[in-house]
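Going by this note's numbering, the sequence shown wraps up at 612, each residue one higher than the last. Backbone N, C-alpha and C define an ideal beta-carbon position, used for all residues, glycine too.
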Amino acid sequence: MNTYLDLVIESIGRAHHHNLAGQGRNYMEVSIGKTAEQLGYPELKEEFRDAYAIVPLKAPVPGMKVRIDGRTFINYAQFASGVAVPGYVAGKSGLANSPYVPHDSMVLNFA
């Protein structure tokens, strides 16, 4: 269990709470490593530099969109906030989570 990782995941949920929908088809990616660095946890930046949280959106946001196969998100876990992360990240977190169930096809929004 990594308390600082929990704070990073919770921070991502708070930052996007206004546009977050737990089962949205549209989503954006948020870098866990960069968020950790911004919060002052440089040791997490390196460990999670290639890990991205999935933020399911209530509605599409302006910008480029790419359709992604939902099977990409096998072994992802979702937290109560609606944020989903790869299973290995969730395993290092102490936050309660459940398996993430994506749509058959998802739409990545670049904002």
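- Under the Cβ criterion (8 angstroms, minimum of three pairs), the stretch 510-528 counts as touching the stretch 551-566.
- Excluding its 5 nearest sequence neighbours in each direction, Ile569 has C-beta neighbours in its own chain below 6 angstroms: Met607 and Leu609, listed in chain order.
- Cβ neighbours of Ser599 within its own chain (closer than 8 angstroms, five residues either side excluded): Ala578 and Gln579.
- A direct Cα-Cα distance of roughly 23 angstroms separates Ser582 from Lys566.
- Ala612 sits exposed, since fewer than 16 C-beta atoms from the chains shown fall within 10 Å of its C-beta.
- The beta carbon of Gly514 sits closer than 6 angstroms to the beta carbons of Ser582 and Val584 from its chain, once the five residues preceding and following it are set aside; these are given in chain order.
- Between the alpha carbons of Ala597 and Thr536 lies a gap of roughly 20 angstroms.
- Non-local beta-carbon contacts of Val590 in its own chain, meaning distances under 6 angstroms to residues more than five positions away in sequence, involve Ala552 in chain order.
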